[in-house]
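**Student:** One structure, pasted below without further comment.
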Amino acid sequence: MTVNIKSIAQPELHKSDCLIVPVYTDGKLSSAAQSLDHAGHNNLTQLLKRGDISGKAGEALLLPHVTGIKAQRLLLLGCGDNSEISPADVKKIINTLLEQLNNAHIKSATLLSESLSVAGRSPEWLSEQIARAIALSSYSYNATLSKKPTKPSFKTLTLAQKPNAKLKSAAATGSAVGLGMNVARELGNLPANICTPSYLAKQAKNLARNNSALKTTILEEKKMRELGMGSLLSVTAGSSEPAKFIIMEYQGAAKKQQPHILVGKGITFDTGGISLKPGAKMDEMKYDMCGAASVMGAMNTLVELALPINVVAIIAAAENMPNGNATKPGDVVTSMSGQTIEVLNTDAEGRLVLCDALTYAERFKPQSVIDIATLTGACVVALGSHATGLYSNQDDFAAELIAAGEASGDRAWHMPLWDEYQPQLNSNFADIANIGGPEAGSVTAACFLSRFTKAYRWAHMDIAGTAWVSGPKKGATGRPVALLSQYLINKSLINKSQG
Ligand code: BES
Ligand code: MN
Ligand code: ZN
Numbered sequence: 014m015t016v017n018i019k020s021i022a023q024p025e026l027h028k029s030d031c032l033i034v035p036v037y038t039d040g041k042l043s044s045a046a047q048s049l050d051h052a053g054h055n056n057l058t059q060l061l062k063r064g065d066i067s068g069k070a071g072e073a074l075l076l077p078h079v080t081g082i083k084a085q086r087l088l089l090l091g092c093g094d095n096s097e098i099s100p101a102d103v104k105k106i107i108n109t110l111l112e113q114l115n116n117a118h119i120k121s122a123t124l125l126s127e128s129l130s131v132a133g134r135s136p137e138w139l140s141e142q143i144a145r146a147i148a149l150s151s152y153s154y155n156a157t158l159s160k161k162p163t164k165p166s167f168k169t170l171t172l173a174q175k176p177n178a179k180l181k182s183a184a185a186t187g188s189a190v191g192l193g194m195n196v197a198r199e200l201g202n203l204p205a206n207i208c209t210p211s212y213l214a215k216q217a218k219n220l221a222r223n224n225s226a227l228k229t230t231i232l233e234e235k236k237m238r239e240l241g242m243g244s245l246l247s248v249t250a251g252s253s254e255p256a257k258f259i260i261m262e263y264q265g266a267a268k269k270q271q272p273h274i275l276v277g278k279g280i281t282f283d284t285g286g287i288s289l290k291p292g293a294k295m296d297e298m299k300y301d302m303c304g305a306a307s308v309m310g311a312m313n314t315l316v317e318l319a320l321p322i323n324v325v326a327i328i329a330a331a332e333n334m335p336n337g338n339a340t341k342p343g344d345v346v347t348s349m350s351g352q353t354i355e356v357l358n359t360d361a362e363g364r365l366v367l368c369d370a371l372t373y374a375e376r377f378k379p380q381s382v383i384d385i386a387t388l389t390g391a392c393v394v395a396l397g398s399h400a401t402g403l404y405s406n407q408d409d410f411a412a413e414l415i416a417a418g419e420a421s422g423d424r425a426w427h428m429p430l431w432d433e434y435q436p437q438l439n440s441n442f443a444d445i446a447n448i449g450g451p452e453a454g455s456v457t458a459a460c461f462l463s464r465f466t467k468a469y470r471w472a473h474m475d476i477a478g479t480a481w482v483s484g485p486k487k488g489a490t491g492r493p494v495a496l497l498s499q500y501l502i503n504k505s506l507i508n509k510s511q512g
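Mapping of the sequence shown onto this note's numbering: position 372 corresponds to residue 385, and the numbering continues sequentially without gaps.
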């Protein structure tokens, strides 16, 4: 999958398997489309007049033979109202384009993209989105299917536009983000009997193998015990799969520069433990490592783009199971921070693994720490599947991440982390309880984490509603890799401008 950018002076003379012509609801042809129309004796004008295509976003008309042009085929692509194409329209337009090309088994095509402009967004933004969509469309799950689905045919898109460095780098970014999302999707979709904590550790090692800027370290349970990670270990106590604490250090800038840290919840299966979950949809708890998967995906993007920035990824990987050694409701455990925790519900396990990872993060003296977790069903109730829940101990940090979400089309919504919610976590038998009662469950989960993140600039993303979709199209989405990548790109741009 590649996206090229190339000026095309006379589209009618351009050789291609398929030439894609944007058409708009106002029925006016762009100057490139006019050249084609002339060459074909007004064939396009006539088609539009006849109403064969109205120009609405999402419409398309494939013409297998067109006279007067060198391209094999012409795809008329409805792009909506030329003056106000929205980012949502863009998604529709690109998906239609890819569907049409793949259905016709076309491998490469040229989009006359010069006339396409999206309200409030730059041409770079558009080429990034197109490149990302193409990378995303190349993914299909097949690891455990005995009959492998046929791969989509489409590989190379040329954007007919005047090339420049910014446009090219935007396309490269889009591809790298799409590939990072695919990494996250695959890890998410793999079943829990394959994608175990050990499997995640192996993938992290693999990513570092061919990259000298990246170093992966795996801590075993023995080491976690020495470090005092009693909270994390209480989650894995009921499982036969060993927990893994994965640390990936990427150095793309001067060593002295403090790193940004990504922390991922890597529960490879969440049964709830002794506080066992009901059976319906329990299979979807294989997705409870999607925070970890998004961290791996973002690291993949980072490495691919060789960003000039230092980043540490930390993944707390464990399985939450109910055997005879399992932690029981009411048990009190001691976290690495020294704070004691009353485990009132063993199904609130994400915060128990994250708190020790967040304490461990302190040793890197980070510029910022973001944890990403499929943390609460309550977040799905609050925000549904469109926005990730975002919490931070610094409002300007939240604003930065919200902006990265808007820019990348991977949105988050700022949720409150007010002190008033904290007493819900009071315990008679420990410093803190691991659940805060029925009200504001996503907020109290964030409040729990906030007790362990006082030393640095911190944000928490609850991706319970955004990491995967249920129903007939069940599958991991790769969110919030795009948001995280955008944030790291923004941070490395600051580095670049400071020389
Ligand atoms: N992994 C779940 C959260 C979850 C549930 C995400 C459903 C997506 C869909 C988490 O470990 C959990 O079980 N949370 C509990 C917390 C409760 C016991 C306070 C929940 O949300 O019910
Ligand atoms: Mn749980
Ligand atoms: Zn969980």
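All C-beta atoms in this analysis are idealised placements derived from N, C-alpha and C, irrespective of residue type, glycine included. Treat the numbers as computed from the prediction; the structure is a model and nothing was measured.
Got a list of residues with beta-carbon closer than 5 Å to any non-hydrogen atom of the ligand BES, in chain order?
**Tutor:** Asp283, Asp301, Asn358, Asp360, Ala361, Gly363, Thr387, Thr389, Gly390, Ile448, Ala477
**Student:** Just to confirm my understanding: we take Ser151, look at its own chain, exclude 5 residues before and 5 after, and list those with CB closer than 6 Å. What are they?
**Tutor:** Excluding positions up to five away in sequence, the list reads Met14.
**Student:** Taking all protein chains shown into account, decide if Glu355 is buried (16 or more other Cβ within 10 angstroms of its Cβ) or exposed.
**Tutor:** buried
**Student:** Measuring CB to CB, does Leu213 end up less than 8 Å from Thr157?
**Tutor:** no
**Student:** Can you tell me which of Leu110, Ala480, Ala311, Val482 puts its alpha carbon nearest to the alpha carbon of Ile119?
**Tutor:** Leu110
**Student:** Give the range of the alpha helix (DSSP H) segment to which Ala214 is assigned.
**Tutor:** 210 to 222
**Student:** Do the CB positions of Asp475 and Cys392 come within less than 8 Å of each other?
**Tutor:** Cβ atoms of Asp475 and Cys392: closer than 8 Å.
**Student:** According to the Cβ coordinates, are Ala197 and Ile328 closer than 8 Å?
**Tutor:** no
**Student:** Between the C-alpha atoms of Ala253 and Ala326, what's the straight-line distance to the nearest angstrom?
**Tutor:** Reading off the sequence shown, one finds Ser at residue 253, where the question assumed Ala. Between Ser253 and Ala326, the C-alpha separation is close to 25 Å.
**Student:** Pick helix, strand or coil for His51, following the three-state DSSP scheme.
**Tutor:** helix
**Student:** Does the structure place the stretch 263 to 275 close enough to the stretch 232 to 245 that three or more beta carbon pairs sit under 8 Å?
**Tutor:** no
**Student:** Taking the C-alpha atoms as reference points, what is the distance between Thr249 and Tyr404?
**Tutor:** 27 Å
**Student:** Determine, using beta carbons only, whether Trp471 and Asn406 come nearer to each other than 8 Å.
**Tutor:** yes
**Student:** Opposite Leu275 in the DSSP bridges: which residues?
**Tutor:** Ala326, Ile383
**Student:** Please give the ranges of any beta strand (DSSP E) in the stretch 111 to 197, keeping only runs that are unbroken, at least 3 residues long and fully inside the region.
**Tutor:** 121 to 124, 169 to 173
**Student:** Would you mind reading off the limits of the beta strand (DSSP E) that contains Asp65?
**Tutor:** In this chain, Asp65 is not harboured by any beta strand (DSSP E), its DSSP state being neither H nor E.
**Student:** Counting only runs that start and end within the stretch 287 to 353, where is the beta strand (DSSP E) found for 3 or more residues in a row?
**Tutor:** 323 to 333, 344 to 347
**Student:** Does the Cβ of Val36 have 16 or more other Cβ atoms within 10 Å, making it buried, or fewer, making it exposed?
**Tutor:** Taking all protein chains shown into account, Val36 has 16 or more neighbouring C-beta atoms within 10 Å of its C-beta and is therefore buried.
**Student:** Output needed for Leu371: all residues of its chain with C-beta closer than 8 Å, excluding positions within five of it in sequence on either side, in chain order.
**Tutor:** Val276, Val382, Asp384, Leu462, Phe465, Thr466, Trp471
**Student:** Out of Asn313, Ala185, Val79, state which residue places its alpha-carbon closest to the alpha-carbon of Ala52.
**Tutor:** Val79
**Student:** Does the beta-carbon distance from Thr401 to Pro493 come in below 8 Å?
**Tutor:** By the CB criterion at 8 Å, Thr401 and Pro493 fall inside the cutoff.
**Student:** Can you list, in chain order, the residues of its chain whose CB lies under 8 Å from that of Ala45, leaving out five sequence neighbours each side?
**Tutor:** The answer, listed in chain order, is Ile21, Pro24, Val34, Leu125, Glu127, Ser128, Ala173.
**Student:** Starting from Asp369, follow the alpha helix (DSSP H) in both directions and report where the run begins and ends.
**Tutor:** Where Asp369 is concerned, the enclosing alpha helix (DSSP H) stretches over 363 to 374.
**Student:** For the ligand MN, I want to know if Gly292 counts as a neighbour, meaning its beta carbon is within less than 7 Å of at least one of the ligand's heavy atoms.
**Tutor:** no
**Student:** Shortest alpha-carbon distance to Asn438 belongs to which of Leu357, Ser483, Ala417?
**Tutor:** Reading the sequence as shown, one finds Leu at residue 438 and not Asn. That would be Leu357, whose Cα lies nearest to the Cα of Leu438.
**Student:** If contact is defined by three or more beta carbon pairs under 8 Å, each pair taking one atom from either stretch, is the stretch 420 to 437 in contact with the stretch 489 to 503?
**Tutor:** yes
**Student:** Excluding sequence positions up to five away, which residues of its chain have a Cβ less than 6 Å from the Cβ of Ala205?
**Tutor:** Around Ala205: Thr281, Phe282, Lys299.
**Student:** Looking at Ile82: is its Cβ nearer than 8 Å to the Cβ of Leu114?
**Tutor:** no
**Student:** Report yes if the CB atom of Asp30 is closer than 8 Å to the CB atom of Ala144, and no otherwise.
**Tutor:** Going by C-beta atoms, Asp30 is not nearer than 8 Å to Ala144.
**Student:** Less than 8 Å between C-beta atoms, sequence neighbours within five positions excluded: which residues of the same chain meet that for Gln271?
**Tutor:** Asn323, Phe377, Lys378, Pro379, Gln380
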